[in-house]
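For the sequence shown, this note's numbering puts the final residue at 155, and the numbers step up evenly by one.
Every residue gets a Cβ at the ideal spot worked out from N, C-alpha and C, and that includes glycine.
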Amino acid sequence: TMRKLIESLKEVNENLEELLKEKETPKKEVVSRYPCCYESQDSKAPNKAVLFVKGFDNSLDRDDIKSALIKHFGSCGEITWVFVPFECATGVPKEFAFIDVEDKKKALSLSGSYMGGRKLEVIMARRMIEYVGKNMSGCLRCRQADMKACAYRFYSKRP
């Protein structure tokens, strides 16, 4: 019985060593088949006075959402930038977007309006965590690009 106990302890020890080796082996990052949206030039806000929009149907394609936003905010003067971020792992658009329009006051008045049967919320982006730190989930590349952009926005406010 003592031999059986020693044999079973040896077996347990070997299994534990194998488990430890697996944990020590660095895991490879899962490469997304979608591009990193925060590394794209499209993600760079043209100024600090952009708007945050949420409430639209994010089951649509990014280009369809962008087109719908451009049409919806068309009465607010020139639209210089629209950015619809997406989940890098799935390619599904997030539930918010950023837009830069000429007449910010008019655009803010569209908060509570409906687009595609859904009620929009429109506020200044600088008040939202999604703008300050836009993507705390997602791939490592997205988080790194986002942190660089966040640091840039923070330090660009300094005199």
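Buried/exposed call for residue i, threshold 16 Cβ in 10 Å
| i | result |
| --- | --- |
| A147 | exposed |
| L116 | buried |
| P81 | buried |
| I2 | exposed |
| L106 | buried |
| D59 | exposed |
| L5 | exposed |
Bridge-paired residues (DSSP) for residue i
| i | result |
| --- | --- |
| A103 | A103 is not bridged to any residue. |
| L47 | I95 and M120 |
| F79 | F94 |
| P89 | F82 |
Helix, strand or coil at residue i according to DSSP, with G and I counted as helix
| i | result |
| --- | --- |
| D57 | coil |
| V8 | helix |
| K115 | strand |
Subject >> Three-pair Cβ contact test at 8 Å for the segment 63 to 79 versus the segment 90 to 108 >> reply: yes
**OP:** Taking 8 Å as the threshold, find out whether the segment 47 to 60 comes into contact with the segment 88 to 98 through three or more Cβ pairs.
**Re:** yes
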